[in-house]
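Participant: Using full-length UniProt numbering, the first residue of the sequence shown is number 1, and each one after it goes up by one.
Here it is, the structure, as structure tokens.
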Amino acid sequence: IKLSLIVLYLPVGMISLCYIVYRYIKLYHVKTTKSHYIAILRRSSGFFLFTLLSIVVLQTDYMVISQRLTPADIVQYTVTMKIFGLVFFIYTAILQALWPICAELRVKQQWKKLNKMIGVNILLGSLYVVGCTIFIY
């Protein structure tokens, strides 16, 4: 089993490692100062905090249900969450694909078109989630 895991993950790891080494070699000659790093850390700290909070929120449910539900109910909950995770993954992928279009409309200050697009996405997204819920149930 250990060898099969190595064979499975080694190509992906090597590709990632080669890309990281390439990026560092390419950026080696770029001059940076401490203020650049501070600016990057300041901008990213909000995202880091949001990530930590989302981890706490998304994992707290398992701690609570492990104290209150039977093992069969926990399995049913976990399978249902995996299925809905796929549904929300697809919806999130669609929203991420539309994000550059929304950003472009915002820069061009085409507010009516942007608001219409947001409204349509909320409506279609809600219908998609409700439809998937009915289909799964």
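For every residue, glycine included, the Cβ atom is placed at its ideal position computed from N, Cα and C.
Just to confirm my understanding: we take L114, look at its own chain, exclude 5 residues before and 5 after, and list those with CB closer than 8 Å. What are they?
Facilitator: Position 114 of the sequence shown holds residue 114. Correct list, in chain order: C102, L105, R106.
Participant: For the putative contact between Y91 and G125, defined by C-beta atoms under 8 Å, what is the C-beta separation to the nearest angstrom?
Facilitator: Within the sequence shown, the letter at position 91 stands for residue 91. Within the sequence shown, the letter at position 125 stands for residue 125. Contact flag correct, Cβ pair sits at about 6 Å.
Participant: Report back the beta-carbon spacing between C132 and V75 to the nearest angstrom; my notes put them in contact at under 8 Å.
Facilitator: Counting from one through the sequence shown, the residue named residue 132 turns up at place 132. Counting from one through the sequence shown, the residue named residue 75 turns up at place 75. With 8 Å as the limit, C132 and V75 do not qualify as a contact, their Cβ atoms being about 21 Å apart.
Participant: Between G85, R23, P11, K2, which has its C-alpha nearest L58's C-alpha?
Facilitator: As a position in the sequence shown, residue 58 is number 58, starting the count at 1. For L58, the nearest C-alpha among the options comes from G85.
Participant: If you follow the alpha helix (DSSP H) that Q59 is in, where does it begin and where does it stop?
Facilitator: The residue labelled residue 59 in the question sits at position 59 within the sequence shown. Where Q59 is concerned, the enclosing alpha helix (DSSP H) stretches over 34–68.
Participant: Going by Cα to Cα distance, which pick from R42, I38, T51, Y137 is closest to I83?
Facilitator: Numbered from its first residue, the sequence shown carries residue 83 at position 83. Closest by alpha carbon: Y137.
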